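Each residue of the sequence shown is one higher than the last, beginning at 232 in the numbering used here. Let me begin by presenting the structure, written as structure tokens, before commenting on it.
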Amino acid sequence: MESIVHALLIIFSFGAFFIIAMWVENKVLIRQGKERYDLPETLANIVSSVLYKSADALYIIVFVGAMAAWVQAHGLQLNIEYHWYTYVLIFIVQDFCFYLFHVVAHKMRFAWVSHKIHHSSKHFNFGVALRQSLLAPIPLFSIGFIIWAPFAFLGLDIATVAFIYELNLFYQFWIHTRTVERLPKWFEAVFNTPSHHRVLGTFVDERDAGEILYGVKSRPVYSHNVFVMVFEELFDLLKTIWRNKDIRYLWHHPDWSPK
Ligand SMILES: [Zn+2]
């Protein structure tokens, strides 16, 4: 019971933090004369994040714990001491693993069905950081092992690894904003920043990118209905496979066509 109360407290604290952050960002956007928050979309983004986080929590509690224990038992079982630099190293290596996971989410359509929602908004703000999919278990169960399995294999404590993963996701929240321009040179050189994150694809300096348009080019979604936002790409994929009688659509690029 006590742990449930703790978990709820943490969830509500983060929820309150995100909502206050969005409110402040909207005020700054207005002051800077930039496009302000779209309320219906923001509400849809918040609902999508609650659904996503529930699916993600279930995945971690039910699957990752048990699987990591199995991988640990069959792994190197190194006796690694935890110093501050151990945590930094785990953070950096896991960030790279997350990068690979993210690349697959863009390049293979079975994973894109879950990730497209995050890119389908025409806006770029903290609300979009929360815009995630209930279908997250599709990539998590299939390719998500890359985020935790290497660490379990070495013998690292999986609760620590999971905590660092959540920390990484939390870091990614604040880089979804147009209110912050360029940060000091050394920081831009080392860290992912709002400026870097506003430009996708192979690295491009924002100052060389021209006008940046947000959203997706192929099969754009303009609905603020969470059900449509979450499921439209999955339904489209299933329809395409059925119509063409071609299962290869699953693992090819989202824009792929055999003709
Ligand atoms: Zn992405």
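We put the CB at the ideal spot given by N, CA and C, even for glycine. Predicted, not measured: the structure shown is a model, and the values here were computed from it.
- Judged by their CB atoms, Gly386 and Leu331 are not nearer to each other than the 8 angstroms cut-off.
- Collapsing the DSSP output to three states places Ile377 in a helix.
- At least one heavy atom of ligand 1 is found less than 7 angstroms from the C-beta of His337.
- DSSP places Pro425 inside the alpha helix (DSSP H), whose first and last residues are Pro425 to His428.
- By the criterion of at least three beta-carbon pairs nearer than 8 angstroms, the stretch 333-351 is not in contact with the stretch 386-404.
- Between Ser279 and Val457 the beta-carbon gap is near 5 angstroms, inside 8 angstroms, which marks them as a contact.
- In this structure, Tyr480 sits away from Ser364, with a CB-CB distance that is not shorter than 8 angstroms.
- A distance below 8 angstroms separates the beta carbons of Ala342 and Pro370.
- A distance of 8 angstroms or more separates the beta carbons of Gln325 and Ala383.
- The three-state reading of DSSP puts Val295 in helix, counting H, G and I together.
- Pairing Ile261 with His455, the inter-Cα distance amounts to about 22 angstroms.
- Of the candidates Trp417, Asp287, Leu361 and Ile374, Leu361 places its Cα closest to the Cα of Met253.
- Setting aside the 5 residues that flank it on each side, Asn423 is surrounded in the same chain by Ile406, each with a C-beta closer than 7 angstroms to its C-beta; the list follows chain order.
- Under the 10 Å beta carbon count, Pro425 is surrounded by 16 or more other beta carbons and is classified as buried.
- Looking at the backbone, the Cα of His305 and that of Asp388 are separated by about 14 angstroms.
- Distances between the C-beta of His314 and the heavy atoms of ligand 1 are all 7 angstroms or more.
- In the three-state DSSP reduction, Thr317 falls in the helix class (H, G or I).
- Across the structure, Ile242 and Val430 are spaced so that their CA atoms are roughly 30 angstroms apart.
- If you look at Met460, you'll find it in the alpha helix (DSSP H) that goes Val457 to Asn475.
- The alpha-carbon of Tyr445 is positioned some 39 angstroms away from that of Ile235.
- When the five nearest sequence neighbours on each side are left out, the beta carbons in the same chain lying within less than 8 angstroms of the beta carbon of Ile478 are those of Ile472, in order along the chain.
- Between Gly358 and Asn276, the beta carbon gap of about 4 angstroms places them in contact (Cβ cut-off 8 angstroms).
- Between the alpha carbons of Gln263 and Tyr290 lies a gap of roughly 40 angstroms.
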